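Chains L and H supply the protein sequences, listed in that same order. All residue numbers for the first sequence refer to the working numbering, where the first residue is 145 and numbers rise by one. All residue numbers for the second sequence refer to the working numbering, where the first residue is 14 and numbers rise by one. For every residue, glycine included, the Cβ atom is placed at its ideal position computed from N, Cα and C. Computed from a predicted structure; not experimentally measured. Heads up, the thing below is written out as structure tokens.
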Amino acid sequence: MKNSLKAGDIVELVKVAYLSLKSSEEEINELNVFPVPDGDTGTNLRLTMEKVVEEIQRAPTRMDEISKAIIYGALRGARGNSGVILSQILRGFFDEASQKEELFSDDIISSLKRAKEVAYQAVRKPVEGTMLTVIKDTYRGVKDLKKKETPLIEVLEKALSSAKNSLRRTPEYLPILKEAGVVDAGGFGLVVILEGITGFLRGEGLRKEELVRDFVRTPILVEESSKFQYCTEFLMRGGKINRDEIEEELEALGDSIVVAGDERQVRIHVHTNEPDKALACGLRRGEITEVKINNMWEEIEKRASLDEKPKLLAVATGEGIKDIFKSLGVEIVVNGGQSMNPSSSEILEALKQLKSKKAIVLPNNKNVILTCEQAQKLSDKEVYIVPTATIPQGISAAVAFREGEIGEVTEEMKEAASEVKSGEVTRAVRDANLGKEKIKKGDFLALVDGEIISTGKNVLSVFKKTLEKMVSEEDSVITVFYNDELRKEEMEKVKKWVENKFPHCELEIKWGGQPLYPLIFSIE
Amino acid sequence: MEKVGLVTDSTCDLPLSYYKENDVLMVPLVVRFGDEIFKDWMDIKPDEFYQRLAEASELPKTSQPTVADFINAYNALKNQGFTHIISLHLSSKLSGTVGSAEAARGEVDIPVEVVDTKMISGGVALILRSLIEMRRNGSSFQEMVKKAYELSEKISTLGYLSTLKYLELGGRIGKAQALVGTLLDIKPLLTLEDGVVAPYKRVRGAKKVIPEIIRSFQSKVKDAKKVKIALSSAGDIEEAKRLRSELEKLNLPLEFVFSQIQIGSVIGTYTGPGALLFFWYVES
């Protein structure tokens, strides 16, 4: 086993690093959710390394020249945020290494230190939970090894295991990773490089399967309850700040340590049970400001409780119509409508199930509004009712729903509901006289906003007559929901007819599956 | 004597002649159709891009400039005698361009301020235009930097995309994810929230889009003394013309700084054809 790396070894290891990245490119891409979830971290890292390989092939084999070529290649090839950070890691490492003829254990450690420093300096706002954290922890893992005596391979093995531990913890820092249940893609890239290099020196090669199993295929679960209670953060100013020294002191107090900045000012972050001691660590060295101490256990509890963002609840029948409401962001649809009004306790129960402290309710039927108002009084949630009297009004209101101040949003929803003409075609339940017209039981009649517009024996001709009377020049959208009494092909014909008749309108026809009404429609 | 150099990237979506006339150095991003690589605006103009996009079997990919591209750009300005540089770029939440520029600034020995404008297209163009004017009037580097950050906070955006497909497949949909998958044909209005794409409002029917934009705009610029505007379109500029003529009817003190910006290949990869982006700020 080697106890130093010579220029020729470096050339070989760079190629190994490149090939390791290349073989894991797809897996790295898969993990990419931060900062831009475009699934190209692996590609970017590979492209960055590709240029490095290209450069060193032209360079003579002396450590300083190889180092220069690596730095130049990385800067030229750096693609994507992760590529840029990789280029800075390489720059730091080989800046340091270029001064040696061969790299012994202690040189590797000091080069890793420089790599970490340069990487942090190049990014204006370092984000923890990324490649930066992994390179930092990699260095931290080896910095206490007996520099000269530790065999080279042991230094690398320790660096690799520290990098893996750090990678596993990236979702603790970055909520977006936690949500997606993944580790940081760029950080994984670094682990792949280290694994490749270490494996090669061991004479084994890249253990890709194992890496993929541990970090890509296994969903990453974050231990919610940290053993440390207080997240402590502050800014410290002073002269000649020694960051390493502060880090060491904080390590005795807790974990998730970040000490970022320069000699005059550092931002300090630690999870600890002794925030007083953490602050004292700063106070002993200078003045502190922007102190923030959060009780994380309390926050975890809060997070498990209810959301502040309002959620939508609607009352409707018909599978198609319910699905449409859900696709518009309605959280719960309570079954109910004409002649099957839900009880206020059903509404109340649904309100209870909503995962939010605030609710906006769409009754979608004249007779349900009152029931909802009763539930509103009984509920311990903040409930707003947009008094929609028809399904089309409800849909317009749901479309107008957005994030924002709830009072303002409900006003906009009311306005949207008031701008739509709602219609339905149904059957007469008994004979009746309507002005000059006689309606027989079983005839179809079309109502728009509660008023009978036309009647007849055929459902579709009644519908067409109604549109002819009701669609004006200002209208631009006609929406129709049909049920199982009508066939899709019949509706296709209606579609053609409407498009010819009202070319200024957009038309949408959907299966609503509602009972009682063959057609529900809106004109707006 | 201070001499401020201006650098931007191709996503301001201004034609090459604009940079030449105003002494701005533009560093292009890159768009890739399979193995074919094009420098945004340099090798591929919007018309050709939308043509290719319509015919392409696979969506194009985009890449930020490399660190070396920026080092070269900054050094070129330094060699021309510039003493300071302001480098204006599209939102860091949408692209790593700011990251490349940040890494490059350490390699140059004159002060370089890399500004994350949190904007795209016409939004970046408005800031660039303002800095060009300031430089002409002899403003200092510090004043210009301050203005750049001020505007990046101030500019409002409303956007209409004829489809969210490109934004979603390109991984830039951000908070507008909530708008995907509705069963009715919904026209979403989008905005940029701290540099991330976010939903603003939903409307039904293409005809309601412009009235809704006007309504939202009006409610936000009441009593303004001067409003500066940029309009960007992907492909068809008819909608932008219509929006402009509706805006002109409002009887507000509007200045159309740019009203016919064509969205180029990189931004167009995510908006798709038919997009309309409206940027404005109230001049104080």
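Legend entry - Rounded distance between the beta-carbons of T130/H and S165/H, thought under 8 Å: As a working note, residue 165/H is residue 152 in the second sequence. As a working note, residue 130/H is residue 117 in the second sequence. Yes, they are in contact, since the Cβ atoms of S165/H and T130/H sit about 4 Å apart, within 8 Å.
Inset, instruction - Sort P662/L, S254/L, V196/L and K166/L by Cα distance to K287/L and report the nearest one. - result: One-based indexing of the first sequence puts residue 287/L at position 143. The shortest Cα separation from K287/L among P662/L, S254/L, V196/L and K166/L belongs to S254/L.
Legend entry - Enclosing beta strand (DSSP E) for S305/L [first to last residue]: By 1-based counting over the first sequence, the position of residue 305/L is 161. For S305/L, no beta strand (DSSP E) segment is defined; the enclosing uninterrupted segment is the alpha helix (DSSP H) at L296 to R312.
Legend entry - Residue closest to K585/L, alpha-carbon to alpha-carbon, out of V592/L, G579/L and D575/L: Here residue 585/L refers to the residue found at position 441 of the first sequence. Distance check between K585/L and each of V592/L, G579/L and D575/L places D575/L closest, using alpha-carbon atoms only.
Inset, instruction - Using a threshold of 9 Å, state whether the C-beta atoms of V20/H and L90/H are closer than that. - result: Taking the second sequence and counting its residues from 1, one reaches residue 20/H at position 7. Taking the second sequence and counting its residues from 1, one reaches residue 90/H at position 77. In this structure, L90/H lies closer than 9 Å to V20/H by Cβ.
Inset, instruction - Spell out the partners DSSP gives F378/L in its beta bridges. - result: Taking the first residue of the first sequence as 1, we reach residue 378/L at position 234. DSSP output for F378/L lists I412/L as bridge partner(s).
Inset, instruction - Please name the residues in the region 266–278 of chain L whose beta-carbon is closer than 8 Å to at least one beta-carbon of chain H, in chain order. - result: So the list reads A266, V267 and R268, given in the order they occur along the chain.
Legend entry - Cutoff 7 Å; reference E517/L; Cβ partners in own chain excluding five residues on either side: Position 373 of the first sequence, counted from the first residue, corresponds to residue 517/L. Exclusion of the five residues before and after E517/L leaves I529 as the residues of its chain whose Cβ lies within less than 7 Å of its Cβ.
Inset, instruction - Note the first and the last residue of the continuous alpha helix (DSSP H) segment covering W641/L. - result: Sequence index remark: in the first sequence, residue 641/L carries index 497 (1-based). K632 to K645 is the extent of the alpha helix (DSSP H) around W641/L.
Inset, instruction - Provide the residue(s) that pair with L19/H in DSSP beta bridges, ordered along the chain. - result: Counting from 1 along the second sequence, the entry for residue 19/H is found at position 6. Per DSSP, the beta bridge partners of L19/H are V37/H and I99/H.
Inset, instruction - Give the straight-line distance between the Cα atoms of F83/H and L219/L, rounded to the nearest whole angstrom. - result: Counting from 1 along the second sequence, the entry for residue 83/H is found at position 70. Counting from 1 along the first sequence, the entry for residue 219/L is found at position 75. Their backbone Cα atoms lie some 10 Å apart in a straight line.
Legend entry - Which listed residue (G430/L, E452/L, I468/L and D587/L) has its alpha carbon closest to that of G383/L: If you number the first sequence from 1, residue 383/L lands on position 239. Minimum Cα distance to G383/L is reached at G430/L.
Inset, instruction - Using the Cα positions of E634/L and I465/L, report the straight-line distance between them to the nearest angstrom. - result: On the first sequence, residue 634/L is found 490 positions in, with the first residue counted as 1. On the first sequence, residue 465/L is found 321 positions in, with the first residue counted as 1. Whole-angstrom Cα-Cα distance: 19 Å.
Inset, instruction - Find the nearest neighbour of V478/L within the set K510/L, A151/L, S471/L and L457/L, judged by alpha-carbon distance. - result: Numbered from 1 along the first sequence, position 334 holds the residue referred to as residue 478/L. With distances taken between Cα atoms, V478/L lies closest to L457/L.
Inset, instruction - Go through the region 476–561 of chain L residue by residue and report every complete run of the beta strand (DSSP E) that reaches 3 residues or more, in order. - result: Positions of the beta strand (DSSP E) runs, each at least 3 residues long and wholly inside the region 476–561 of chain L, are given as 502–506 and 526–529 in order along the chain.
Inset, instruction - Give a yes or no on whether 9 Å exceeds the smallest Cβ distance from Y213/H to chain L. - result: For the purposes of this step, residue 213/H is taken as residue 200 along the second sequence, with counting starting at 1. Taking a beta-carbon distance threshold of 9 Å, Y213/H counts as an interface residue toward chain L.
Inset, instruction - Starting from the C-beta of E156/H, find all residues in its chain whose C-beta is less than 7 Å away, skip the five residues before and the five after it, and write them out in chain order. - result: Translated into the one-based positions of the second sequence, residue 156/H becomes position 143. Leaving aside the five residues that flank E156/H on each side, the residues in its chain whose CB is nearer than 7 Å to its CB run, in chain order, M147.
Inset, instruction - Using DSSP bridges, identify the partner residues of N439/L. - result: Along the first sequence, one-based indexing puts residue 439/L at 295. Answer by DSSP bridge pairing, in chain order: Y374/L.
Inset, instruction - With 7 Å as the limit, tell me which residues of the region 226–238 of chain L have their beta carbon closer than that to any beta carbon of chain H; keep them in chain order. - result: Of all residues in the region 226–238 of chain L, those with a C-beta nearer than 7 Å to a C-beta of chain H are V228, S231 and Q232, reading in chain order.
Legend entry - Reference A329/L, options V356/L, L350/L and G343/L, closest by Cα: What you label residue 329/L is simply residue 185 of the first sequence in a count that begins at 1. Residue nearest to A329/L within the set V356/L, L350/L and G343/L is V356/L (criterion: CA-CA distance).
Legend entry - Rounded C-alpha distance that separates L192/H from I276/H: By 1-based counting over the second sequence, the position of residue 192/H is 179. By 1-based counting over the second sequence, the position of residue 276/H is 263. C-alpha of L192/H to C-alpha of I276/H: approximately 23 Å in a straight line.
Inset, instruction - Could you work out which residues of chain H lie near I468/L, taking near to mean beta carbons separated by less than 7 Å? - result: Here the question's residue 468/L lines up with position 324 in the first sequence. By Cβ distance, chain H contributes L196 and L197.
Inset, instruction - Inspect the beta-carbon positions of K16/H and G94/H and report whether they are closer than 9 Å. - result: Numbered from its first residue, the second sequence carries residue 16/H at position 3. Numbered from its first residue, the second sequence carries residue 94/H at position 81. Yes, the Cβ-Cβ distance between K16/H and G94/H is below 9 Å.
Inset, instruction - Give the straight-line distance between the Cα atoms of K167/H and V512/L, rounded to the nearest whole angstrom. - result: To locate residue 167/H, count along the second sequence from 1; it is residue 154. To locate residue 512/L, count along the first sequence from 1; it is residue 368. When rounded, the distance between both Cα atoms is 45 Å.
Inset, instruction - Could you tell me whether any Cβ in chain H is nearer than 9 Å to the Cβ of F545/L? - result: Position 401 of the first sequence, counted from the start, is the residue given in the question as residue 545/L. It does; some Cβ of chain H falls within 9 Å.
Legend entry - Three-state class that DSSP yields for R571/L in the structure shown: To locate residue 571/L, count along the first sequence from 1; it is residue 427. Judged by DSSP in its simplified three-state form, R571/L adopts strand.
Legend entry - Nonlocal neighbours in the same chain, by C-beta distance under 8 Å from L318/L, ignoring five residues either side: To locate residue 318/L, count along the first sequence from 1; it is residue 174. So the qualifying residues of the chain are F178, V271, E272, G273, T274 and D328.
Legend entry - Positions along the region 272–291 of chain H whose CB lies within less than 7 Å of some CB in chain L: Hits within the stretch: zero.
Inset, instruction - Evaluate T205/L with the Cβ neighbour count: other Cβ atoms within 10 Å of its Cβ, from every protein chain shown; 16 or more gives buried, anything less gives exposed. - result: Taking the first sequence and counting its residues from 1, the one referred to as residue 205/L is at position 61. Within 10 angstroms of the beta-carbon of T205/L lie fewer than 16 other beta-carbons, which makes it exposed.
Legend entry - 6 Å CB neighbourhood of P536/L in its chain, flanking five on each side removed: The residue given as residue 536/L occupies position 392 in the first sequence. Apart from the 5 residues on each side of it in sequence, P536/L sits with its Cβ closer than 6 Å to the Cβ of V564, S566 and S666 in its chain, given in chain order.
Inset, instruction - For my contact list, E87/H and V125/H are in at a C-beta cut-off of 8 Å; report their separation, rounded to the angstrom. - result: As a working note, residue 87/H is residue 74 in the second sequence. As a working note, residue 125/H is residue 112 in the second sequence. The amino acid occupying residue 87/H in the given sequence is Tyr; Glu does not appear at that position. Indeed they touch by this definition, with Cβ atoms about 6 Å apart.
Inset, instruction - Over the uninterrupted alpha helix (DSSP H) stretch that includes P319/L, give me the two end residues. - result: In the first sequence, the residue the question calls residue 319/L occupies position 175. For P319/L, the uninterrupted alpha helix (DSSP H) segment begins and ends at P319 to A324.
Legend entry - Reduced DSSP category for T170/H - H, G, I as helix; E, B as strand; rest coil: Your numbering for residue 170/H matches position 157 in the second sequence. Here T170/H carries a strand assignment [DSSP, helix/strand/coil].
Inset, instruction - Please confirm if S540/L has its CB atom under 9 Å from at least one CB of chain H. - result: In the first sequence, residue 540/L corresponds to position 396, counting from 1. At a cut-off of 9 Å, the C-beta of S540/L has a neighbouring C-beta in chain H.
Inset, instruction - Please list, in chain order, all residues of the same chain as R257/H whose beta carbon is under 8 Å from its beta carbon, the five residues on each side excluded. - result: Along the second sequence, read from residue 1 onward, the residue named residue 257/H stands at position 244. Sequence-distant partners of R257/H (beyond 5 residues in either direction) whose C-beta falls short of 8 Å from its own C-beta, in its chain, are L244, F269 and S272.
Legend entry - Backbone CA spacing between I274/H and S168/L [nearest angstrom]: Here residue 274/H refers to the residue found at position 261 of the second sequence. Here residue 168/L refers to the residue found at position 24 of the first sequence. The C-alpha of S168/L is placed about 41 Å away from the C-alpha of I274/H.
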